[in-house]
Every structure is written in C-alpha cells, then in structure tokens.
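See below for the structure under consideration.
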Amino acid sequence: MAKQVGREQQGITLRGSAEIVAEFFSYGINSILYQRGIYPPETFTRVQKYGLTLLITTDPELKNYLNNVVEQMKEWLYKCIVQRLVVVISSIENNEVLERWQFDIECDKTAKDENEPREKSQKVIQDEIRSVIRQITATVTFLPLLETACAFDLLIYTDKDLAVPEKWEESGPQFIANSEEVRLRSFTTTIHKVNSTVAYKIPSH
Amino acid sequence: MDDFENNTTVFSALRSLNNFISLEGVSGPPTPGSSRSALQIQYQQRVQMEEQAGQIHSKSQLLQVEREKMQMELSHKRARIELEKAANTNARNYEREADRNRELLTRIKQYQERETEAENKLKEQMEMNKSYKKSMETMSKKLQEKESKLAEANETITVLKGKISELQWSKMNQEMQMTSQDSQKQELMEQLDVQHKKWQEACQQIQMLQANQSHLAEYEQKIKDLEQKLSQQEHDALIVKNMKTELARLPKMERELRQLKEENAYFREMKENNGLLKEEVEGLQRKLERYEKVQAQLAAVELENEKLLGKLKSWEKVDQSTGLNIRTPDDLSRQIVALQQRELVLKEQNSTITSSARILEKARVQLQEDIIRIQSQLLEEKKKREQHEALVRRLQKRVLLLTKERDGMRAILESYDSELTPSEHSPQLNRRMREAEDMVQKLHAHNTELEAQLSQVLEEVGNHKQRAEMEHSVINFPFFSRQKIEELEAERSKLEEQNRSLEMKLEKLTVQGDYDPSKTKVLHFSMNPASLAMQQRKEEHQQLQEAYERLKETVRVLEGGGSIPENLEGLGSLQSSQEIAELKKQVESAELKNQRLKEVFQTKIQEFRKVCYTLTGYQIDITTENQYRLTSIYAEHQGDCLLFKASSSSSRKMQLLENEFSRTIRELIELHLLRQDSIPAFLSALTLDLFSRQTIA
C-alpha cells in the first residue's frame, strides 16, 4: 500500500493495478461472506476502507484461505492471465449452487510491455470500488434468502496454457440451473477492468 | 566694589595732596640762585603736580559723575521697577474695580428687576387689598347677620335654660321616686329571701322523700332477687340430682373415651398408611403413564420402522427395475454425479460442435465469396476471349488484306518485270521480292503467334469455366446468378439472425459463468471451504447411516421379541461413548462410596458390639437367620451360651432354645421368663449369678 501511495503522483503501474484489484477482491469477498451470512457475523470485525466501514473475517482458517487465493490472484493479475473470479455459494445439503458472484476481469495486455504508468488517480479508482462494494451490500435487498446452510468456493478462470500450481486443481464452472442475473457496477484501473455480476437461483415457489 | 575702589583712589589723591601742601610749608622760602632753578623745578613740579592733581581731580570727578550716573541709572531702574509695580498694581486695581463695577451693574440690574417685580407685586397687593376690602365689607355684612343670629341664639339659650331648669326639676322628682322605689325593692328583696328559705326547706323535704322512695324500691328489688335465687336453688337442686345420675354414668363414659382414643390413634395410623398408599398409587400411576407413553412411542417406532422397511424395499425395487447398481442413496448420488459429469462432457462436446459449425459456416461464406470472385473472373475472361476473338477476326481480315496486297504487289512487280528489262532491274526486284517475302514470313510468324496466344486464352477460359462449374457442382448451387443471390441473401439474413441469437445466448452464458473451454480453464483451491464442508457433511452422513443401520438392527431384534444381552449391548453402543464413560464413572464412584461405607459400617459395628459386650456383659452373635447366640462375659466355660430365636423377623417375640447351659439354669428361666415374661430381667439375673459365682470362686 505504501508503494502505491508513493506512486500516486506517477499514476498506475501494472503491479500497482494488480495490487488494487487483488485488494478489492479481498474486501469484496469478505463483504459477500458477511452479507450473505455464510459465516456467523460475530466472526467479523470492522475496518475502515475506501471511506466505508467494511467487515472482514477473524476466522483464522478462512483468513488463511483467502490470503492464499488473493496472493495467487495478484500474481496472475500481474501476468494478465486471469479472466474471471467467481464466488460460488452452494448449499451444503445437496451441493446445489445458489449464487454466483462473478467478477470478469479485462486485462490490457499491452500494459505488460509499457513502462510508463497510466494516468488515473487513486482517488477516482477508490470511488469506483466504493460504489461496487456499496452495490454488493445493497443486493441483499433483492437476493433470495439462503435458507439452508451454505459454503462458498472461489473459482478462477485463467488462460488455458497456465500450469496448475500446487494445491490448486481444475474444476467445473458450477452453473446455476435456473438463474436470474443482475449486472453490478464496474471499475477500471485502466489496466484491469472489473465487471461485476451476480447470478442467483430463481426460487422454485 | 567699584565704589570702594573709587573711594580709595579719592582718598589716596587727597592724602597725596595734603602731603604736598605740608611739604610746601616745611621748605619755606627756598634759596634764590640755586634755589631758583630748584624753585622752578619745584614750581614746575608743583605745576605738574597741580596738573596731575587737576587731572586726578577731574578723573575723580569723572568717576564721581560716572558713579552718580550709575546711581542715577540704578535709581532710575528702581524707579522704573517701582513704576511698573505700581502700574501693575494699578492695573490690577483697575481690573478689580472694573469687576466690581460689573458686579455692581449686575446688582443694579437685579435690583431694578426686583424693583419691577416689587412694583408688580405691589400692584397685585393693591388689587388684593381692594378685593380684601370688598371681602371685608361682605364679611362685615355677614358679621352683622351673624350677630343678629347670635342674638337670636342667646334668646333661644335663655329659653333652653328655662327648659333645663324645668328638666332639673323633673329629674329631682324622678330621683325622689327612684329612692322610694329602691326602698320598695329592698322590702321586696327581704320578702324574696324569706320565700327562698321556705323553698329550700321544701326542697330538702322533697329530697328526703325521694331517698325514702328509692330505699323502698331497693328493698323491693332485693325481695325479687331473693325470690329468684330461691327458684334458682330449687332448679339447682334438680340439676344436682340429674348430675348425680350422670356422675354414675361417668366411669362408663371414661371407658368409652379411652376406647375412642385408642380407635382414634388407630385411625391416625391408618390415615398415615393411607397417605403412604396414596403416594404409592400416584407413583404407580405415573409409572403407568410413562409405560403408556413408552408403548405409544413403541408403536410410532414400529410405524417408522415399517416405513423405513418400505423405503428400503422401494430402493431395492428401484435397483431391480432400473437394473442399475443402485442400492443406496450414495450410489444414486454417485450415479447423479456421473450423469452430471456426462452432461458436462456433452455440453463441452456441444460447444465444440457449435464452434466447428461456426468454423464451417465461415468456410462456406469464404467459398461463396470465392465463387463470386471466380464468376467475376470468368466474366472478365469471357470478355477477354471476345476481345481476343475480335482481334483474331481483325487479324484474319488484315491477313486477307495483306495477301491481297501481296498479290497486288506481285502483280505490279510482275507487270514491272514484264515492262522492264530483267537485266537492269532484276537484282533490285529480287531484293524487293526477298524483302517482301521476309515481311510476309514475319507476318505469318506473328499470325501464328497470335493464334497460339488465342488458343491459350481460349484454353484458360475453358479452364476457368470448368473450375467454376466444378465449384458450383460441389456446393450444389445452380449457376443462375440472380436466384443464387436471392438465396444467398436469405441465407445471410438467416445466418445473421442466428448469429445474433447465438451472441445473445453467448452473453447470457458468460453472465451465467460459461466459458470457452478451448481458451480457458477453471481453477480453484483444492482445500476450499465448500469442499471441506461437503466432506464434513459426508462424514456426518456416514455416521448417521451407521447409526441408522444399528437402530434398524435393534428394531428388528426387538420385533423378533426377547431382550437378548446383545440387544442391550447394541442399545448401549447406540448411546454415545461419552455417556457410557460418564455412567462408568458414576458407577465407579458409587462403588467406591459403597466400599467406604462398608468399611465405616464394619468398624462402627465392631465398636458397637464391643460397647454392647462391655455394657451388658453379653456378646451377641447371629448364628443363622433369626437365631441369636448370647455369651456372657462371666461364663464359666467357653461353650456356655444362650440361644434365642425370633419367631419371625417382624415381631419382637423371642424364644429361648434349649441347650446344655440352659438346662443348668432352670430356676432362673422359670422365675423370669415363664412368670415375669422378661428376657432382660432373666439376663440380668444370670449375669449377677455368674458374677457372684466367679467372685466366690
């Protein structure tokens, strides 16, 4: 973070952009987990970020898992080989996928060869991120209630030629059989553009 | 100071003058001759001296004058100062005077004002005076009137005085009357006193009478009371008689009372027993309810069991009917997972097929474009051919013309030849001929070349045609361009629509999370929370399944009837190991407690027995049930003991059993047991007997 602040005058570099986006994912996933009640609310603590009060988990196992994924994400974002991150919320009972929070990432691969940073102020990006996170918080009003106990999984769509790292494995896309989709706001660091969508199972009754 | 100096100079000059004069007197008449010159000198000297003196004198006079002048100036100055002072004082005086003058003027003015005021006042006073005079006149008139009134009043006063005297007279008369009346009143008062005394006496008499009357009433009352007492005594006598008869009955009553008391005690005991019984009944009822509940639960359990059996059968049936390897829900879920995977594979295949279809579509479009291009080429080639054909025709015409020309030229040459002599012109002509022939040959060559080109072009055109036809035949499209274009247009629009719908689908799918498997792969962390949760669930499921199996087994055994220890074990094993451990612990602690209690009891019993032995002198042992052996502390032989037997455990009646020792103490038995019916007395007597025997011994 300190590095980014230092670079603020210079604009956005590829590394800085990857860090910003990875950080957004960390806070976004935490917000989703809190808002959707995947983990009990007492395991979350308040922090100030993007001019908002956000909740992040204190569960050590979950923290460890998120850190692992976000660090890997950062690396892949830097290499511009990641296309999408999906937070899949599924019922533990019957493994049915109930919600998919999809973050499409458009990488500007030309930034890899450029040395000059892009012109965009940190503040504008943060404002954009803030509105995305606000929307995530607001979606609770229309998303159907999760009636069963649920767990979540993070899927990352990468380029085909990527070698699968240790502890990772290939997975199915985990579609929702009968879904409704809502597009959320997007933000861009001029190098990475993140489009957010949430898809949820249409309640049967 | 200057003055003093000046003074000194004056004095010194005077002295010198005096000295000089004295000198002249002393010398007298000087001698002539020598003295003349001396005289002269003296004279001269004197003259000089006089001159000097005169000078000094003038000088001193000057000095004096100057001094005077100085004094004058000084005095002048003083005078001036004094004048100035006087002037100042005068000016001050003048100012003071002026001030005073002003003050005086102001005073004068004030006085004048006052005067005018006083004049005004005077006028007013005068007026007032006049008015006063007028008022005086009126007042005097009034006064006169008043005086007349006064005179009238005096008259009335005299009249009134007369009246007063009359009144005084009448008053005197009245006073007189008053005195007479007073005397009358005194007389009356005396009479009243007498009367009062009489009344008091009468009152006393009345009181006496009343007292007598009250005494009388009291006596009457007493008489009545006595009469009443008499009657009461008669009543009492009657009652006493009755009581006596009742007293005769009393012992009987007491006996009855005792009986009743006993009965009462008995009933109380009964009541307590009854309460105990009621509690027991309640306990039993509760137990009954519990048993009923248990029975109801049993029925429910049976029902459930039946249901479960039905389900199991249905599962088995499913297995039979489908022919699949489905025995358990696990198998089914595995089957479903497999199906889902197959579905996914199919989906992937589908997407690959659609992509290949898209590629083919693209190839087709390219081919169509090729066809159009080739057709246009064909048209061009045709045009070229026509051009070539036209060219050929033109060339042929030209060749014809040239041959004609040549023929013409030949004819001309021949005519020339015929006309001219061959010797002269033949070389020339020959040359020309040769040249012409060369030309012709060249033309021929050119012609052939052109013809070859033409044929080539024709060939090419044919090739193109063939190719085009071939391609047409391949795509099965008629060569009729308009129709084809229409068809193609229709196809295009259709394809566009398809394309649009496909794009829409693609977008929707991307929103739903679809991806191109040829370019993308989906990764996730192998130890993600969802899979962990699933695993946990699976384990739980397995555990539950096992528990279910066990339960089923137990239910089957229960249905079979009989409670076999295996069953119980099964049931026990169903309870969680924790519970078992707890129970074991409880049992252990209970056992420990029991053991401790036992130990304590043992020690206590030992202690109790010892105490009994030392206190009563008998050791009591239980030989068999309801049989007690007593050994005295003073027994002569070890085998000397008494055997008592309790007739039954509850009653306290004891029977002495006969043995060798008992036979020796018949007397004591007869006395204490048979007659007195008291075992303690018997035992005490025995103890005393034995003790006395031992001490004697």
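Protein chains in written order, with this note's numbering: chain A, 1 to 205; chain B, 206 to 902. A virtual CB, placed ideally from N, CA and C, is assigned to each residue, including glycine. Please read these numbers as outputs of a predicted model, since none were measured by experiment.
Near residue i, what residues of its chain come up, given a Cβ to Cβ distance below 7 Å and the 5 sequence neighbours on each side ignored?
i: THR53 of chain A; result: ARG46
i: LEU607 of chain B; result: LEU648
i: HIS593 of chain B; result: LEU659 and VAL662
i: LEU693 of chain B; result: GLN573
i: PHE682 of chain B; result: In this prediction, PHE682 of chain B has a pLDDT of 49, which is less than 50 and means its spatial position is unreliable; nothing more can be read from the coordinates.
i: ARG880 of chain B; result: none
i: GLY718 of chain B; result: none
Considering only DSSP beta bridges, list what residue i is partnered with.
i: GLU180 of chain A; result: A:TYR200
i: SER221 of chain B; result: DSSP lists no partner for SER221 of chain B.
i: LYS193 of chain A; result: A:GLU106 and A:THR188
i: CYS150 of chain A; result: A:SER91
i: LYS49 of chain A; result: A:LEU52
i: LYS82 of chain A; result: Note that residue 82 of chain A is Val in the sequence shown here, rather than Lys. DSSP output for VAL82 of chain A lists A:THR158 as bridge partner(s).
i: ARG118 of chain A; result: A:ILE12
i: THR829 of chain B; result: B:GLN832
i: TRP101 of chain A; result: A:VAL87 and A:VAL198
i: THR57 of chain A; result: A:PHE44
i: GLN824 of chain B; result: B:THR836
If I follow the unbroken alpha helix (DSSP H) through residue i, where does it start and stop?
i: LYS123 of chain A; result: 122-138
i: ILE810 of chain B; result: 782-821
i: LEU895 of chain B; result: 884-901
i: GLU865 of chain B; result: 865-869
i: PRO60 of chain A; result: 60-79
i: PHE24 of chain A; result: 14-35
State the CB to CB distance for the pair residue i and residue j, rounded to an integer number of angstroms; the pair is presumed to be in contact (CB under 8 Å).
i: ARG118 of chain A; j: GLY11 of chain A; result: 5 Å
i: ASP153 of chain A; j: ASN733 of chain B; result: 5 Å
i: VAL69 of chain A; j: THR189 of chain A; result: About 20 Å separates the two Cβ atoms, so there is no contact after all.
i: LEU583 of chain B; j: ALA673 of chain B; result: 5 Å
i: THR158 of chain A; j: ILE92 of chain A; result: Contact flag wrong, Cβ pair sits at about 27 Å.
i: ILE156 of chain A; j: LEU62 of chain A; result: That pair is no contact at about 17 Å.
i: PHE187 of chain A; j: VAL132 of chain A; result: 6 Å
i: PHE730 of chain B; j: LYS79 of chain A; result: Wrong, their Cβ atoms sit about 18 Å apart, outside the cutoff.
i: ARG834 of chain B; j: CYS846 of chain B; result: 5 Å
i: ASN30 of chain A; j: LEU14 of chain A; result: With a Cβ gap of about 25 Å, ASN30 of chain A and LEU14 of chain A do not count as contacting.
i: LEU513 of chain B; j: LYS809 of chain B; result: No, LEU513 of chain B and LYS809 of chain B are not in contact; Cβ-Cβ is about 58 Å, not under 8 Å.
i: TYR27 of chain A; j: LYS49 of chain A; result: 6 Å
i: LEU222 of chain B; j: ALA258 of chain B; result: 6 Å
i: LEU887 of chain B; j: LEU893 of chain B; result: Looking at the sequence provided, one finds Phe at residue 887 of chain B rather than Leu. About 11 Å; that fails the 8 Å criterion.
Could you give the first and the last residue of the continuous beta strand (DSSP E) run that contains residue i?
i: LEU835 of chain B; result: 832-837
i: ALA851 of chain B; result: 847-851
i: LEU861 of chain B; result: 859-862
i: GLU170 of chain A; result: 168-170
Might you give, ordered along the chain, the residues of its own chain that have their beta carbon closer than 6 Å to the beta carbon of residue i, omitting 5 neighbours on each side?
i: LEU162 of chain A; result: ILE81
i: TYR917 of chain B; result: Here chain B has residues from 206 to 902 only, and residue 917 of chain B is not among them.
i: GLU360 of chain B; result: none
i: LYS193 of chain A; result: GLU106
i: GLN102 of chain A; result: VAL86 and THR197
i: GLN135 of chain A; result: LEU184 and ARG185
i: LEU267 of chain B; result: none
Starting from the C-beta of residue i, find all residues in its chain whose C-beta is less than 8 Å away, skip the five residues before and the five after it, and write them out in chain order.
i: ILE176 of chain A; result: VAL97, LEU98, GLU99, ARG100, ALA199, TYR200 and LYS201
i: SER723 of chain B; result: THR557 and SER560
i: ARG814 of chain B; result: GLN824 and ILE825
i: SER538 of chain B; result: none
i: SER179 of chain A; result: ARG100, ALA199, TYR200, LYS201 and ILE202
i: ILE579 of chain B; result: HIS669, ARG672, ALA673 and GLU676
i: TYR39 of chain A; result: LEU33, THR57, ASP59 and LEU62
**Message:** Going residue by residue through the segment 321-405 of chain B, where are the continuous alpha helix (DSSP H) segments of at least 4 residues, counting only ones entirely within it?
**Reply:** Counting only runs of 4+ residues, no alpha helix (DSSP H) is found wholly inside the segment 321-405 of chain B.
**Request:** Could you name each continuous beta strand (DSSP E) segment of 3 residues or more that falls completely within the segment 536-591 of chain B, going from the start of the chain to the end?
**Result:** Restricting attention to beta strand (DSSP E) runs no shorter than 3 residues, the segment 536-591 of chain B encloses none.
**Request:** Any chance you could list the beta strand (DSSP E) runs of at least 3 consecutive residues sitting entirely within the segment 690-735 of chain B, in chain order?
**Result:** Runs of beta strand (DSSP E) with 3 or more residues, each lying fully within the segment 690-735 of chain B, are found at 725-730, listed in chain order.
**Runs of alpha helix (DSSP H) lying entirely within the segment 399-461 of chain B, each at least 4 residues, in chain order** = Taken in chain order, the complete alpha helix (DSSP H) segments of 4 or more residues contained in the segment 399-461 of chain B number zero; there are none.
**Prompt:** Mind pulling the beta strand (DSSP E) runs of 3 or more residues that sit fully within the segment 605-660 of chain B?
**Reply:** Within the segment 605-660 of chain B, no run of beta strand (DSSP E) at least 3 residues long lies entirely inside it.
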